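Protein chains: 6
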Amino acid sequence: LNNIIEGFKRFRHDIFPTQKDLFKRLATAQNPRAMFITCADSRIVPELITQSSPGDLFVTRNVGNVVPPYGQMNGGVSTAIEYAVVALGVKHIIVCGHSDCGAMKAVLNPKSLANMPTVQAWLRHVEVAKTVVEEHAHCGCGGSHLALLTEENVIAQLNHLLTHPSVAARVASGQLFIHGWVYNIETSEIVAYDAELGRFLPLDGEVVPTATPRPRFTAPDKD
Amino acid sequence: LNNIIEGFKRFRHDIFPTQKDLFKRLATAQNPRAMFITCADSRIVPELITQSSPGDLFVTRNVGNVVPPYGQMNGGVSTAIEYAVVALGVKHIIVCGHSDCGAMKAVLNPKSLANMPTVQAWLRHVEVAKTVVEEHAHCGCGGSHLALLTEENVIAQLNHLLTHPSVAARVASGQLFIHGWVYNIETSEIVAYDAELGRFLPLDGEVVPTATPRPRFTAPDKD
Amino acid sequence: LNNIIEGFKRFRHDIFPTQKDLFKRLATAQNPRAMFITCADSRIVPELITQSSPGDLFVTRNVGNVVPPYGQMNGGVSTAIEYAVVALGVKHIIVCGHSDCGAMKAVLNPKSLANMPTVQAWLRHVEVAKTVVEEHAHCGCGGSHLALLTEENVIAQLNHLLTHPSVAARVASGQLFIHGWVYNIETSEIVAYDAELGRFLPLDGEVVPTATPRPRFTAPDKD
Amino acid sequence: LNNIIEGFKRFRHDIFPTQKDLFKRLATAQNPRAMFITCADSRIVPELITQSSPGDLFVTRNVGNVVPPYGQMNGGVSTAIEYAVVALGVKHIIVCGHSDCGAMKAVLNPKSLANMPTVQAWLRHVEVAKTVVEEHAHCGCGGSHLALLTEENVIAQLNHLLTHPSVAARVASGQLFIHGWVYNIETSEIVAYDAELGRFLPLDGEVVPTATPRPRFTAPDKD
Amino acid sequence: LNNIIEGFKRFRHDIFPTQKDLFKRLATAQNPRAMFITCADSRIVPELITQSSPGDLFVTRNVGNVVPPYGQMNGGVSTAIEYAVVALGVKHIIVCGHSDCGAMKAVLNPKSLANMPTVQAWLRHVEVAKTVVEEHAHCGCGGSHLALLTEENVIAQLNHLLTHPSVAARVASGQLFIHGWVYNIETSEIVAYDAELGRFLPLDGEVVPTATPRPRFTAPDKD
Amino acid sequence: LNNIIEGFKRFRHDIFPTQKDLFKRLATAQNPRAMFITCADSRIVPELITQSSPGDLFVTRNVGNVVPPYGQMNGGVSTAIEYAVVALGVKHIIVCGHSDCGAMKAVLNPKSLANMPTVQAWLRHVEVAKTVVEEHAHCGCGGSHLALLTEENVIAQLNHLLTHPSVAARVASGQLFIHGWVYNIETSEIVAYDAELGRFLPLDGEVVPTATPRPRFTAPDKD
Ligand SMILES: [Zn+2]
Ligand SMILES: [Zn+2]
Ligand SMILES: [Zn+2]
Ligand SMILES: [Zn+2]
Ligand SMILES: [Zn+2]
Ligand SMILES: [Zn+2]
């Protein structure tokens, strides 16, 4: 723990004084524009890869960047979504997977989970992506199973996202936008899902890909 | 979303090249020493306040830095704990609350949750802390209800942490250590729970406070 | 009960003998091509409105033609879907709502459910559609709330359908097709959802509307 | 899907005009006298075998004609029961099993469910019948295991039915009657459970068998 | 606690030595013939009112002598039943309610449970009995609501008992017997439910009333 | 059942008349000072080993003297705790394990539970103790695995007890005390957990061991 406490002391004495005004402003309210759902993996630092400041991103992280579908039993991720959309009014939700994800590897190799029953149960939310990959294992479409599963998992979690009432209602009227990314740790590349084309494209390409279905309604005038 | 994409481009072109070696090393494995459980609040950036690098902290975040007790229905937080302890072998788990927490304010003002049923259900895990505060509302012990609830919530979540088999077993033999912090956004101060004294003390004081119960066994020799 | 028993006797003596061969053929196997998910409402007779014979439609019916999203707790509808797709290999799934639906009326008038707690909990699966309607209550887009909710409910249940692994995998490779209908009891009209256009169109129009997302893969050769 | 759409067109142009008055009358209300709970199997058409018209039967169908017991987690079947009894005031509930049922065969051959975890979990509600059959496998009482299980399953689901508050209260005062049937696809025979005798008898025999326990109260005068 | 510790010392020094042989015999095995399910109420001492010795009764106690129906989520009572029947092979299960039961009074006066959400949820298992009583509140059949509810609750829990596979199978073949009692604290009277007559009769009357349904099978020869 | 009915008659005719006054006083209220949570095992008679009278102990019993942690799904034990603390205001809660416990033996030998799925699921609440024992199987600390597991199980259930809001709040202010015992059937010895020392000590030794954490607050004046 010493490294961490030393890090905290450095933050307190060297960094904090230079951002005192920002933190003072943030002391009594947050007003983030985006929600970021990603893996708990230690190699992902959302604020670093998007160069965001404190107050910018509402972040929820779990094993495998999972979004359980809305149901009768809702937990932490569903809570964070409802809070972000209803209480904070975020305009964007980003679901971000990543290369070399331990959760995805475990899905492809279930035996590795023998002594982790909780992880095993949780990854049932990835089953939909796994089934897609299994059905197409022999499709010769190039690309590894792990890469394909990582992408399909992001698509599956975007579908789950649309089962949440607060999300679906605002997406249907063009007030909220959803995004599906995969971040490559080694190369720093991010690809984003384009729902119209059914494919992932570079996030920093000419056109910004979007996973948001076409709105069916005009937004009410209330904002 | 433009800010975020611009931030990503800056990361990719300006920051990443300077840390290329670190990311190459991380491309195929993570080996974090600590797990960090904190609130989804946008004003908390765990890696910033502990000056950690990618690969250092396994992070799970949710509304109110809650740790549901281990049970027959386990979700994302329980999964992250099991994965961190069993698969990654972390040595420390930090539960970190913070000042001005929207979840704590909602617990004290349940009416604000009328149209957020999922958040309401989730915050049942904070009930134990709320009951403590309510019982002592008239105790005249100084300090606001919000500050007291924030601290009691951290203590409650530490108790929940000890209901998880993987955690309890390693704590009982001195192989895993647990910590309860409260971070003050405005002042940058962090206080940590000292289980022996039953009080919170500054993290950067002379003695490092610990919330870990005394081990009942000697660690097996396996490491 | 007399009517029903008399009906059974009529069936046995007058109808059955004329279809003896069909029933003999069906005695040891079923091989339906389509699954039909509709409301328990007594006014809907799926085989009548599609002029189907015994053996044609695998039918599951519940209050509000609901499809709960796939999750850790799955019940009767999820079971029927898994069985239809995996064990029977159906090629089409139709979700069929209807005019004057008691469940939809109850969603718009929750007080009517005061002494029906189970119905109330079940209709939480319609919340996503209700939230869409509420957000657009003042949109002046014509059409009643009830009609809009009935359509949005079908769209919501189609989204839920795509969270089921067996469904998503086969839809992704063009082996399974999903359809969203609304049947009008008084006029006998059926409208079907066109996902591309985001609107409902007559089922007996020139083009057959489809709610199936574009496949991302070519079907494996196994059939 | 063509067959189904063609069927719908035939219904719309040939059948509907002849029943226009019935459908007009049904357009704004349903008033069924009986609820029919049966298997989703495509070979069962409840309205055909009871020669019922639209508006006569409130129908819920699932794999294995299961009625989960009333509990803290209630789903679609429990919802349909509560709605039928409380909102619609049906006087009869019929639970109808059938010959050659895929669900019953799966219960006797659990290996066939290896890749259908949801079906497997659902059929836990049939466990009580399975245990009875297993205990009496060597009883030499004649009849196949499948036939015995199908009957015992109907008895078990009748018992489950009586755990539902709305059902039990009305049965106790002679306002609601419950029936357990097994339908034979090949022969068109239906047998019904006689609770007093503890045996199944032909439905079209001299006496109509009943599964309703003797009422303990006189019905209130309210109707 | 002093009373209790003093009581223990009296047991250890005065009582235990007189029953040393019994306890020695019991040290490595239990072989109870009956399971006793009753309320946690401090005024009920099962071994006292049946004059039983250590080793005679397998006892489970909870608020309201509830037996939740067998389902997908089973808890402590279901566990005790399965263990008693399968592992210990008990021949009798007694469900015993009692006069002046706090749980029954709370069911009739739900407001008293406002700050006890867990108790409230648990007593949902008594809803079936409550609904019966409410429907017959104005029946003028004599007897108080509390007494009627207490009896109906025992009947409801006997019905729940029959949804447990291990119980139903053995009851069906005459190997296990179930009993429903109500104990009167003030008068020491016990009445027992007679399922055939649908009424409660004195336990110490001429005929011993039984709540066991008639067996449908002959017991296998295995014992 | 004859023994039991004969026992009841003896109680009614020989014992009850001698305690008529006590039972009369108890007829309309209970006011127990302590709650006793123990195993359903027939060899444990709480009132015998503590020489308590009717009205003294509020008793809940289940397989393995388990206290599930407080959560979103609470059952019978949680209900009994809430009722005892909030409605009855007990001052002490005793969790009492015992020698030769069938539940503990089953935890060490899971195969024995193959045909008892409900018991298996329930004993998941003992997993935390089992994991501790497994980690220290080779510690050579003397004592059998069974004895160690029995003690660790009591400690685990005490931790679970502290996740219950009603318990934690009153413990935090010194109004409620918790105790962890292990009773030896053969020798009549009881040892009690001393939380400060982290060890079990004889209950009838010089100092009474306590498992209650130090209070963090002064009790409110309300009593
Ligand atoms: Zn990952
Ligand atoms: Zn917060
Ligand atoms: Zn309807
Ligand atoms: Zn069937
Ligand atoms: Zn009671
Ligand atoms: Zn035991």
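Protein chains in written order, with the working numbering: chain W, 10 to 232; chain D, 10 to 232; chain U, 10 to 232; chain B, 10 to 232; chain X, 10 to 232; chain C, 10 to 232.
Ideal placement from N, C-alpha and C gives every residue a C-beta, glycine not left out.
All values reported here derive from a predicted model rather than from experimental measurement.
(message) Give me the DSSP bridge partner(s) of I46 of chain U.
(response) U:T69 and U:V104
(request) Spatial neighbours of V99 of chain C within its chain, please: CB distance less than 8 Å, with the 5 preceding and 5 following residues excluded, ordered by chain position. (result) So the qualifying residues of the chain are P41, R42, A43, M44, F67, A93 and L185.
(message) With H, G and I counted as helix, E and B as strand and the rest as coil, what does DSSP make of D30 of chain C?
(response) Reduced to three states, the DSSP call for D30 of chain C is helix.
(request) Consider the C-beta atom of G73 of chain B and the heavy atoms of ligand 4; say whether any pair is separated by less than 7 Å. (result) Here the distance from the Cβ of G73 of chain B to the nearest heavy atom of ligand 4 is below 7 Å.
(message) So I90 of chain B and H173 of chain B are supposed to be a Cβ contact under 8 Å. How far apart are they, rounded?
(response) 5 Å
(message) So for F209 of chain W, helix, strand or coil by DSSP?
(response) It is a strand residue.
(request) In angstroms with no decimal places, state the Cα-to-Cα distance between H154 of chain C and G16 of chain X. (result) 30 Å
(message) Please report the straight-line C-alpha distance between V54 of chain C and Y202 of chain C, rounded to a whole angstrom.
(response) Going from the Cα of V54 of chain C to the Cα of Y202 of chain C covers about 21 Å.
(request) Using a Cβ cut-off of 8 Å (strictly closer), state whether G37 of chain X contacts chain C. (result) Note that residue 37 of chain X corresponds to Thr in the displayed sequence, not to Gly. Chain C, which has a Cβ nearer than 8 Å to the Cβ of T37 of chain X, makes this yes.
(request) Return the CA-CA distance between L6 of chain C and E56 of chain C, expressed in angstroms with no decimal places. (result) Coverage of chain C is limited to positions 10 through 232, which leaves residue 6 of chain C absent and any answer about it impossible.
(message) Which same chain residues end up closer than 7 Å to V116 of chain W when comparing Cβ atoms and leaving out the 5 residues on each side of it in sequence?
(response) Setting aside the 5 residues that flank it on each side, V116 of chain W is surrounded in the same chain by L132, V135, K139 and L158, each with a C-beta closer than 7 Å to its C-beta; the list follows chain order.
(request) Give the residues from the stretch 150 to 179 of chain W that approach chain U closer than 9 Å (Cβ to any Cβ), ordered along the chain. (result) Along the stretch 150 to 179 of chain W, the positions whose C-beta sits under 9 Å from a C-beta of chain U are C150, E161, I164, A165, N168, H169, L171, T172, H173, P174, S175, V176, A177, A178 and R179, read in chain order.
(request) List the endpoints of the continuous alpha helix (DSSP H) containing H169 of chain U. (result) H154 to L170
(message) For F186 of chain U, report the span of its beta strand (DSSP E) as first-last.
(response) F186 to Y192
(request) In the DSSP assignment, find the beta strand (DSSP E) that holds I24 of chain B and state where it starts and stops. (result) Where I24 of chain B is concerned, there is no enclosing beta strand (DSSP E), given that its DSSP letter is neither H nor E.
(request) Would you verify that the beta carbon of V216 of chain W is, or is not, closer than 8 Å to some beta carbon of chain D? (result) no
(message) Check whether the stretch 21 to 37 of chain U and the stretch 208 to 220 of chain D touch, using three or more Cβ-Cβ pairs below 8 Å as the test.
(response) no
(request) Please state whether DSSP places K18 of chain B in a helix, a strand or coil. (result) helix
(request) Could you name the residues of the same chain whose beta carbon sits closer than 6 Å to that of S175 of chain U, not counting the 5 residues immediately before and after it, in chain order? (result) E91, V94 and V95
(message) Using beta carbons (cut-off 8 Å, strictly below), is T27 of chain B in contact with chain U?
(response) no
(message) Against N83 of chain D, what residues of chain W qualify as contacts under a CB-to-CB distance less than 8 Å, listed in chain order?
(response) Simply T127, A130 and W131.
(message) Using CA atoms only, rank isn't needed, just tell me which of D:N74, D:C48 and D:Q28 is closest to I58 of chain W.
(response) The shortest Cα separation from I58 of chain W among D:N74, D:C48 and D:Q28 belongs to D:Q28.
(request) Classify Y92 of chain D as helix, strand or coil using the three-state DSSP reduction. (result) helix
(request) For my contact list, F226 of chain C and S182 of chain C are in at a C-beta cut-off of 8 Å; report their separation, rounded to the angstrom. (result) 4 Å
(request) Using a cut-off of 8 Å between C-beta atoms, extract the partners of K18 of chain C located in chain X. (result) Within 8 Å Cβ-Cβ: D213.
(request) Give me the Cα-Cα distance between I102 of chain U and A49 of chain D, rounded to the nearest whole angstrom. (result) 39 Å
(request) Leaving aside the five residues before and after N168 of chain U along the sequence, list all residues of the same chain whose C-beta is less than 6 Å from its C-beta, in chain order. (result) none
(message) Short of 7 Å in beta carbon distance, which residues of its chain neighbour R179 of chain C, apart from the five on each side in sequence? Order them along the chain.
(response) V94 and L185
(message) Just to confirm the assignment, what range does the alpha helix (DSSP H) spanning A130 of chain B have?
(response) P126 to W131
(request) Give a yes or no on whether 8 Å exceeds the smallest Cβ distance from L57 of chain B to chain U. (result) yes
(message) In the DSSP assignment, the beta strand (DSSP E) including V200 of chain U goes from what residue to what residue?
(response) I199 to D203
(request) Report the three-state DSSP secondary structure of V217 of chain C (helix, strand or coil). (result) coil
(message) Nearer than 7 Å: is that true of the beta carbon of C48 of chain W relative to any heavy atom of ligand 6?
(response) Every heavy atom of ligand 6 is 7 Å or more from the Cβ of C48 of chain W, so no.
(request) Using three-state DSSP, classify T227 of chain X as helix, strand or coil. (result) coil
(message) Please classify T127 of chain D as buried or exposed, where buried requires at least 16 neighbouring CB atoms within 10 angstroms.
(response) buried
(request) Could you work out which residue in X:V141, X:R223 and X:L97 is closest to A165 of chain X when comparing CA atoms only? (result) X:V141
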